[in-house]
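First to last, the sequence lines map onto chains A and B. Just so we're aligned, residue 1 is where the first sequence starts under our numbering, counting upward by one. Just so we're aligned, residue 1 is where the second sequence starts under our numbering, counting upward by one. Note that the Cβ used here is the ideal one computed from N, Cα and C, for glycine as well.
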Amino acid sequence: MKSLSRLMAVTRKEVRQLRRDRLTFAMIFGMPLMQILMFGYAINTDVRNLKTAVADEANTHLSREFIAQVGETQVADVRHRVDSVADLEELLRTGDVSIGISIPPDFDRRVVDPNRAAAHILVDGSDPTVLGVANQLRNMPVAFDSNRREQEPSAIEVRPYYNPERRTPVNIVPGLMGVILTMTMMIFTAVAIVREREHGNLELLINTPVTSAELMIGKILPYIAIGLVQLALILAIGDLLFDVPVRGSVLDLYVAASFFIAANLALGLFVSTMVSTQFQAMQATFFLMMPSILLSGFMFPFDGMPVAAQYIGEALPITHFIRLTRGIMLREASLGDMPFALIYLGSFAFVAMTAAALRFSKRLD
Amino acid sequence: MNDELAIRARGLSKHFGDLRAVDHLDLDVPKASIYGFLGPNGSGKSTTIRMLCGLLTPTEGTADVLGYHVPDQSNELKPRIGYMTQKFSLFGDMTVVENLQFISEIYSVPAANRKPRIDELLEKYDLTGQYKQFVRTMSGGQKQRLALACAVLHHPDLLLLDEPTSAVDPQSRRDFWANLFRLAEGGTTILVSTHYMDEAERCHRLAILDHGVKVADGAPQELQDSTGMNIVEVLADNPYQAQSVIKQIPVVASVTQLGIRLRVLIPESVGDALDLVNRNLRQQNITAETRIAHATLEDVFVAVTLKPEQRAA
Numbered sequence: 001m002k003s004l005s006r007l008m009a010v011t012r013k014e015v016r017q018l019r020r021d022r023l024t025f026a027m028i029f030g031m032p033l034m035q036i037l038m039f040g041y042a043i044n045t046d047v048r049n050l051k052t053a054v055a056d057e058a059n060t061h062l063s064r065e066f067i068a069q070v071g072e073t074q075v076a077d078v079r080h081r082v083d084s085v086a087d088l089e090e091l092l093r094t095g096d097v098s099i100g101i102s103i104p105p106d107f108d109r110r111v112v113d114p115n116r117a118a119a120h121i122l123v124d125g126s127d128p129t130v131l132g133v134a135n136q137l138r139n140m141p142v143a144f145d146s147n148r149r150e151q152e153p154s155a156i157e158v159r160p161y162y163n164p165e166r167r168t169p170v171n172i173v174p175g176l177m178g179v180i181l182t183m184t185m186m187i188f189t190a191v192a193i194v195r196e197r198e199h200g201n202l203e204l205l206i207n208t209p210v211t212s213a214e215l216m217i218g219k220i221l222p223y224i225a226i227g228l229v230q231l232a233l234i235l236a237i238g239d240l241l242f243d244v245p246v247r248g249s250v251l252d253l254y255v256a257a258s259f260f261i262a263a264n265l266a267l268g269l270f271v272s273t274m275v276s277t278q279f280q281a282m283q284a285t286f287f288l289m290m291p292s293i294l295l296s297g298f299m300f301p302f303d304g305m306p307v308a309a310q311y312i313g314e315a316l317p318i319t320h321f322i323r324l325t326r327g328i329m330l331r332e333a334s335l336g337d338m339p340f341a342l343i344y345l346g347s348f349a350f351v352a353m354t355a356a357a358l359r360f361s362k363r364l365d
Numbered sequence: 001m002n003d004e005l006a007i008r009a010r011g012l013s014k015h016f017g018d019l020r021a022v023d024h025l026d027l028d029v030p031k032a033s034i035y036g037f038l039g040p041n042g043s044g045k046s047t048t049i050r051m052l053c054g055l056l057t058p059t060e061g062t063a064d065v066l067g068y069h070v071p072d073q074s075n076e077l078k079p080r081i082g083y084m085t086q087k088f089s090l091f092g093d094m095t096v097v098e099n100l101q102f103i104s105e106i107y108s109v110p111a112a113n114r115k116p117r118i119d120e121l122l123e124k125y126d127l128t129g130q131y132k133q134f135v136r137t138m139s140g141g142q143k144q145r146l147a148l149a150c151a152v153l154h155h156p157d158l159l160l161l162d163e164p165t166s167a168v169d170p171q172s173r174r175d176f177w178a179n180l181f182r183l184a185e186g187g188t189t190i191l192v193s194t195h196y197m198d199e200a201e202r203c204h205r206l207a208i209l210d211h212g213v214k215v216a217d218g219a220p221q222e223l224q225d226s227t228g229m230n231i232v233e234v235l236a237d238n239p240y241q242a243q244s245v246i247k248q249i250p251v252v253a254s255v256t257q258l259g260i261r262l263r264v265l266i267p268e269s270v271g272d273a274l275d276l277v278n279r280n281l282r283q284q285n286i287t288a289e290t291r292i293a294h295a296t297l298e299d300v301f302v303a304v305t306l307k308p309e310q311r312a313a
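Structure below.
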């Protein structure tokens with residue numbers, strides 16, 4: 001009873017201080033807003049309208065028709081016409097274009113010769129995404145007979161489930177929830193204990209009957225609420241601006257998020273027991289942020305990573321959370337379909353919290 | 001455990017690596033008294049206080065505080081002590097009354113008693129006008145009164161004050177000490193560290209610490225009466241010249257200049273100290289008034305922190 005009232009006292013104090021810290025308060029809402037707009041609008045892996053130059057050395061009816069077709073694909077945006085392959089290479093080198101299309105003088109003859117390529121597409125391969133997109137141009141039919149332009153049906157058909165329009169935000173937003181929650185939750189809690197140490201409040205607190213566990217849990221409770229509010233904010237913006245669906249149960253999503261938030265807060269608290277200044281706390285959280293963004297499957301597909309990187313990714317709570325959010329939001333999965341991810345998050349929170357409470361000694365030596 | 005003692009420590013030591021911050025300290029603090037720790041910075045005052053409230057584990061030795069063995073029983077001890085840190089440690093972004101409220105909740109003061117107790121403290125420590133003020137905007141004296149109010153809110157039996165007056169003006173210090181006396185009369189034991197002589201003088205008992213070692217222990221008057229030194233006060237036209245002459249006398253333990261006067265400490269074993277000083281000054285044709293003076297606490301401090309060879313003469 002006394003324990004609970006001490007815990008609530010710590011929580012009330014934390015909320016009170018948080019409310020008065022305008023910058024932090026603004027960050028709670030500003031950070032998700034900014035990130036979701038940034039990632040949602042700026043990042044697009046479905047690239048279109050690559051800057052293109054053409055060197056049409058044939059200049060026949062067929063070659064001109066071919067160039068017009070290239071423009072219609074929306075993959076390439078023909079901006080320059082030059083005379084030779086050397087000019088194309090120059091434009092590529094200076095970065096003025098990403099794609100150069102070279103049509104040799106004997107284009108018409110090459111079209112009917114199955115053993116020779118009719119045209120060459122030079123691609124700025126330094127960006128693998130551009131290279132992947134340019135590859136689509138290979139499938140363009142080139143023939144004299146315009147009736148035969150309809151491509152024969154392929155033996156294998158790819159059917160994109162869950163995101164048929166291949167819109168990037170649909171992929172990004174569920175992952176972004178993980179990134180935003182990791183960032184805010186970890187920074188706030190990592191700083192929470194250290195700030196009191198720096199201000200000298202801690203020496204007062206550890207001389208009172210409040211226990212380590214009461215102090216730790218009391219401090220993270222308000223942030224769990226904040227995390228859930230952030231989640232609601234991201235879902236609302238995702239729905240309003242980017243039409244990102246929540247196909248599964250919202251309740252499942254909130255349960256998953258609660259576990260994930262607890263895991264991050266516990267990790268943040270653990271960090272705060274390891275460092276002695278707020279600056280060190282920030283450095284440590286950034287150190288943990290990089291793998292969370294890069295190795296979690298948020299930016300790059302998990303399967304494409306080397307095994308060692310996958311192990312690191314598996315250890316991070318965000319990896320499991322992103323699997324859950326993508327599952328629940330896009331694939332209409334339920335928590336029961338992915339029990340391991342939830343168990344991992346819960347265990348992680350428990351272990352990190354215990355470690356933090358053990359490390360946070362009520363002594364100064 | 002003696003019922004008359006609030007704190008009893010034997011051979012209490014704390015080492016930080018090679019540094020002996022506190023070295024075999026024996027301490028007997030009687031109940032309901034004000035006990036002072038006097039010593040320069042780095043003499044082990046804070047370290048001792050932190051060991052006594054269980055914040056630091058002693059390297060050696062034992063301490064009983066209010067009948068609890070520290071640090072093992074420090075959790076039981078915590079509700080019964082009040083602690084005022086050297087650095088102000090309340091929450092600057094909360095108001096006076098919010099800080100008091102938080103402390104009262106942390107110490108599990110029954111909800112019904114909270115408001116009356118807080119009002120009483122605001123009144124007693126002259127903070128009624130500030131009760132809605134943010135703590136970080138208050139003056140040093142106000143902060144200090146609030147820190148004391150928070151430290152005594154739960155009626156502790158023992159109050160540990162670590163250099164409580166280092167950041168306040170003389171008037172605030174006087175008021176602060178008036179409060180301490182009132183608390184001691186009410187039965188609270190107070191352990192206070194300071195490096196101000198005038199504050200040390202007000203304590204019922206006093207321990208002088210130097211480099212982690214207790215070099216003197218007793219009531220201030222007792223200490224002043226038993227320095228083992230004769231004190232000669234010299235009023236010279238040219239104090240600097242007189243000082244250099246007196247310093248040449250081999251048995252002189254210490255010469256301190258206070259304005260135009262010099263205070264000369266000479267071990268009692270030497271005999272007629274006044275005559276010795278007069279003789280030496282005359283030989284150098286220096287005119288000066290000299291007289292034997294009573295030892296002040298500062299003299300005590302100088303005497304007990306001398307190196308052994310200076311003291312022995």
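Rounded C-beta distance between residue i and residue j? I'm assuming under 8 angstroms.
i         : j         : result
Leu269(A) : Met353(A) : 7 angstroms
Thr277(A) : Glu198(A) : 6 angstroms
Gly248(A) : Glu314(A) : Not confirmed; about 23 angstroms, so no contact.
Ile7(B)   : Leu56(B)  : No, Ile7(B) and Leu56(B) are not in contact; Cβ-Cβ is about 15 angstroms, not under 8 angstroms.
Ala9(B)   : Gly61(B)  : 7 angstroms
Met32(A)  : Ile180(A) : The residue asked about is misnamed: residue 32(A) is Pro in this sequence, not Met. Rounded, the Cβ-Cβ distance is 5 angstroms, consistent with contact.
Leu335(A) : Leu342(A) : 6 angstroms
Asp93(B)  : Arg20(A)  : 5 angstroms
Val245(B) : Ile266(B) : At roughly 14 angstroms, the Cβ-Cβ gap does not stay under 8 angstroms, so Val245(B) and Ile266(B) are not in contact.
Glu233(B) : Ala184(B) : With 8 angstroms as the limit, Glu233(B) and Ala184(B) do not qualify as a contact, their Cβ atoms being about 34 angstroms apart.
Arg205(B) : Tyr35(B)  : 5 angstroms
Could you name the residues that DSSP lists as bridge partners for residue i?
i         : result
Glu60(B)  : Ser13(B)
Phe134(B) : Thr95(B)
Asp77(A)  : Lys51(A)
Gly218(B) : Leu206(B)
Val70(B)  : Ala63(B)
Ile34(B)  : Ile190(B)
Do residue j and residue i count as a contact pair if the criterion is CB distance below 7 angstroms?
i         : j         : result
Val271(A) : Ala263(A) : no
Ala55(A)  : Leu88(A)  : yes
Ser292(A) : Thr182(A) : yes
Ala288(B) : Ala236(B) : yes
Ile190(B) : Leu153(B) : no
Pro79(B)  : Pro209(A) : yes
Gly178(A) : Ile328(A) : no
Val302(B) : Ser254(B) : yes
Gly129(B) : Ala32(B)  : no
Tyr131(B) : Val96(B)  : yes
Gln243(B) : Leu262(B) : yes
Thr325(A) : Pro105(A) : no
Ala76(A)  : Ile99(A)  : yes
Gly212(B) : Asp23(B)  : yes
Thr85(B)  : Asp169(B) : no
Ala266(A) : Ala349(A) : yes
Near-chain A residues of the region 69-91 of chain B (beta-carbon distance less than 9 angstroms), N- to C-terminal order: Taking 9 angstroms as the Cβ-Cβ cut-off against chain A, the residues of the region 69-91 of chain B that qualify are Pro71, Ser74, Asn75, Lys78, Pro79, Ile81, Gly82, Tyr83, Met84, Thr85, Gln86, Lys87, Phe88, Ser89, Leu90 and Phe91.
Positions along the region 241-269 of chain A whose CB lies within less than 9 angstroms of some CB in chain B: none
Interfacial residues, the region 329-344 of chain A to chain B, with Cβ spacing under 9 angstroms: none
Cβ pair count under 8 angstroms reaching 3, the region 250-263 of chain A against the region 35-50 of chain A: No, the region 250-263 of chain A is not in contact with the region 35-50 of chain A.
Near-chain B residues of the region 203-231 of chain A (beta-carbon distance less than 7 angstroms), N- to C-terminal order: Answer in chain order: Glu203, Leu204, Ile206, Asn207, Thr208, Pro209 and Val210.
Within 8 angstroms of chain A by C-beta, residues of the region 102-117 of chain B in sequence order: Phe102, Ile103, Glu105, Ile106, Tyr107 and Ser108
The region 298-307 of chain A contacting the region 227-234 of chain A, beta-carbon criterion three pairs below 8 angstroms: At 8 angstroms Cβ cutoff, the stretches do not touch.
Segment contact, 8 angstroms Cβ cut-off, at least three pairs: the region 100-108 of chain B with the region 5-15 of chain A: yes
The region 4-21 of chain A: positions lying closer than 9 angstroms to chain B by Cβ: Ser5, Arg6, Met8, Ala9, Val10, Arg12, Lys13, Arg16, Gln17, Arg20 and Asp21
Sufficient close CB pairs (3 or more, under 8 angstroms) joining the region 32-51 of chain B to the region 109-124 of chain B: no
Stretch pair the region 73-82 of chain A + the region 158-176 of chain A: three plus CB contacts closer than 8 angstroms: no
Contact set between the region 46-69 of chain A and chain B, restricted to residues whose Cβ is under 7 angstroms from the partner: none
The region 44-56 of chain B: positions lying closer than 7 angstroms to chain A by Cβ: Arg50, Cys53, Leu55 and Leu56
Sufficient close CB pairs (3 or more, under 8 angstroms) joining the region 11-26 of chain B to the region 172-183 of chain B: no
Residues of the region 197-215 of chain B with Cβ closer than 9 angstroms to any Cβ of chain A, in chain order: none
Near-chain B residues of the region 79-99 of chain A (beta-carbon distance less than 9 angstroms), N- to C-terminal order: none
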